[in-house]
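The structure under discussion appears below in the form of structure tokens.
Residue numbers (the UniProt record's numbering): 1 to 407.
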């Protein structure tokens, strides 16, 4: 079931200043080999009367213990080191009888990033009241025989993607559902292809980094609005082809990884090397289309970070439609809210991210569409809908075709 895309109430931190994000890495705590290398979704802790488990898709913690003061300490461990400071956690708690427990979530390799959230059905979530101190979060919980879900963000796993894609395909059967390839562990890289009447393509990607759920929320709203019948969308879909790859990293999502795929590789740093099967699958599709005469026009890659920001390619970097992102984001700012739209141009030829790949390999612009971790869930959808609407309007004004470099 798809997680509700809203919070029951806003974040509460005690004190409020404790909510500030701190990117500093903390010292590693070495675990016994068997624990440090255990699959993330196989971890359980049994205190005889209270049980913690990450035995489900997207579940993760490293180990747990009972502190001297009785609190239960859940240690967070990443899939590899070094790693982006994005400690992910997702686990269930149940007890033999109703009781009050105190929990500490302790991150061993970075200060905590995600505000802990609670659900009793895995569908509706609320942000918990918690204190933050250093690399730990502290909160209390009433537990019993009913399973309680605790996670850094709302859970949205590979089954949820499959259900979302089924629903979208049922509603829009003209979409072609394709499998671009397989992940490291053999899971499908599923995609939608919409066929327009021209040779021009829009590329939409998401979930290269497993914990970035707010980016996934934005992608869903963006795609749904783009497909929703309207005068603008009908004209856009009549002209343009679209590739939509909502879940680039199904292995990382299933494992509850902080950042990487099953090979411990950051997919959004692999577009230069292109030696990971997930990236290779998308690249092969795009290259085949270009070889057939297609013209890639733009790319939108959805992510999450500490704030809302749109990372773009500088106009000075590309001679082809240099103001594409700038002009579109100005339209978006006028439609949504100027203070909600922040553009940050950057060019990093050796970084290996998707935006840079689109610029260097195909000579076209793309945007890394970043959504704040703590963004209001309704605002995420609203801005994404405006983003889809204004991008379609802007692309419909284009007359000059994209020039594809020869190889």
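From the three backbone atoms N, C-alpha and C, an ideal C-beta is built for every residue, glycine too.
Report task. Mind checking which residues open and close the alpha helix (DSSP H) that includes residue 375? Result -> By 1-based counting over the chain shown, the position of residue 375 is 375. Residue 375 -> no alpha helix (DSSP H), and no H or E assigned at all.
Requested in this report: Please specify which runs of the beta strand (DSSP E), each continuous and at least 3 residues long, are wholly inside the segment 99 to 166, giving them in chain order.
Outcome: Counting only runs of 3 or more, we get 99 to 107, 117 to 119, 129 to 133, 136 to 143, 148 to 151.
Requested in this report: Have a look at the DSSP bridge pairing and note the partners of residue 95.
Outcome: As a working note, residue 95 is residue 95 in the chain shown. DSSP output for residue 95 lists 50 as bridge partner(s).
Query - Close-in-space but distant-in-sequence residues of the same chain around residue 347 (CB under 8 Å, 5 per side omitted) - result: Taking the chain shown and counting its residues from 1, the one referred to as residue 347 is at position 347. So the qualifying residues of the chain are 313, 314, 317, 356, 359.
Query raised in the report: Count the other CB atoms within 10 Å of the CB of residue 385; is the residue buried (16 or more) or exposed (fewer)?
Result: Sequence index remark: in the chain shown, residue 385 carries index 385 (1-based). Of the other Cβ atoms in all chains shown, 16 or more fall within 10 Å of the Cβ of residue 385; this residue is therefore buried.
**Report entry** Sub-8 Å separation of residue 106 and residue 76 beta-carbons
**Finding:** Position 106 of the chain shown, counting from 1, holds the residue named residue 106. Position 76 of the chain shown, counting from 1, holds the residue named residue 76. Yes, the Cβ-Cβ distance between residue 106 and residue 76 is below 8 Å.
Query raised in the report: How is residue 177 classed by DSSP in three states: helix, strand or coil?
Result: The sequence position of residue 177 within the chain shown is 177, counting from 1. In the structure shown, residue 177 sits in a strand (DSSP, three-state: E or B).
Query raised in the report: If you follow the alpha helix (DSSP H) that residue 408 is part of, which residue opens it and which one closes it?
Result: As displayed, the chain neither begins before 1 nor continues past 407, which places residue 408 out of reach and without an answer.
Query raised in the report: With C-beta atoms as the reference, is residue 74 less than 8 Å away from residue 103?
Result: Reading the chain shown from its first residue, position 74 is the one you call residue 74. Reading the chain shown from its first residue, position 103 is the one you call residue 103. Cβ atoms of residue 74 and residue 103: closer than 8 Å.
Query raised in the report: Which term fits residue 273, buried or exposed, when burial requires 16 or more other beta carbons within 10 angstroms of its beta carbon?
Result: Residue 273 sits at position 273 when you count from the first residue of the chain shown. By the 10 Å Cβ count, residue 273 comes out exposed.
Requested in this report: Measure the alpha-carbon distance for residue 85 versus residue 152 and round it to whole angstroms.
Outcome: Locating residue 85 in the chain shown gives position 85, counting from the first residue. Locating residue 152 in the chain shown gives position 152, counting from the first residue. Cα to Cα, residue 85 sits roughly 13 Å from residue 152.
Requested in this report: For residue 350, count neighbouring Cβ atoms within 10 angstroms of its own Cβ and tell me buried if that reaches 16, exposed if not.
Outcome: Numbered from its first residue, the chain shown carries residue 350 at position 350. So residue 350 counts as exposed.
Report task. Decide if residue 390 is buried, meaning its Cβ has at least 16 other Cβ atoms within 10 Å, or exposed. Result -> Along the chain shown, read from residue 1 onward, the residue named residue 390 stands at position 390. Residue 390 should be labelled buried.
Report task. To the nearest angstrom, report how far apart residue 65 and residue 374 are at their CA atoms. Result -> Here residue 65 is taken as the residue at index 65 of the chain shown, counted from 1. Here residue 374 is taken as the residue at index 374 of the chain shown, counted from 1. Looking at the backbone, the Cα of residue 65 and that of residue 374 are separated by about 29 Å.
Query - Alpha-carbon spacing of residue 158 relative to residue 164, whole angstroms - result: Within the chain shown, residue 158 is the residue found at index 158, counting from 1. Within the chain shown, residue 164 is the residue found at index 164, counting from 1. Rounded to the nearest angstrom, the two C-alpha atoms are 10 Å apart.
Query raised in the report: Roughly how many angstroms separate the alpha carbons of residue 34 and residue 63, rounded to a whole number?
Result: On the chain shown, position 34 is the one that residue 34 refers to. On the chain shown, position 63 is the one that residue 63 refers to. For residue 34, the pLDDT reaches just 30, beneath the cut-off of 50, and the residue's location in the model is therefore unreliable, although a value from the coordinates is still provided. Per the coordinates, the alpha-carbon of residue 34 lies some 11 Å from the alpha-carbon of residue 63.
Query raised in the report: With a CB to CB cut of under 8 Å and the five nearest residues on each side skipped, what residues in its chain are close to residue 352?
Result: Start at 1 with the first residue of the chain shown, and residue 352 comes out as number 352. Once the five neighbours on either side are set aside, the close Cβ partners of residue 352 are 268, 269, 270, 271, 272, 273.
Query raised in the report: Any idea if residue 462 is buried or exposed, counting beta-carbon neighbours within 10 angstroms, 16 or more meaning buried?
Result: Examination of residue 462 is not possible in this model, given that the chain is present from 1 through 407 alone.
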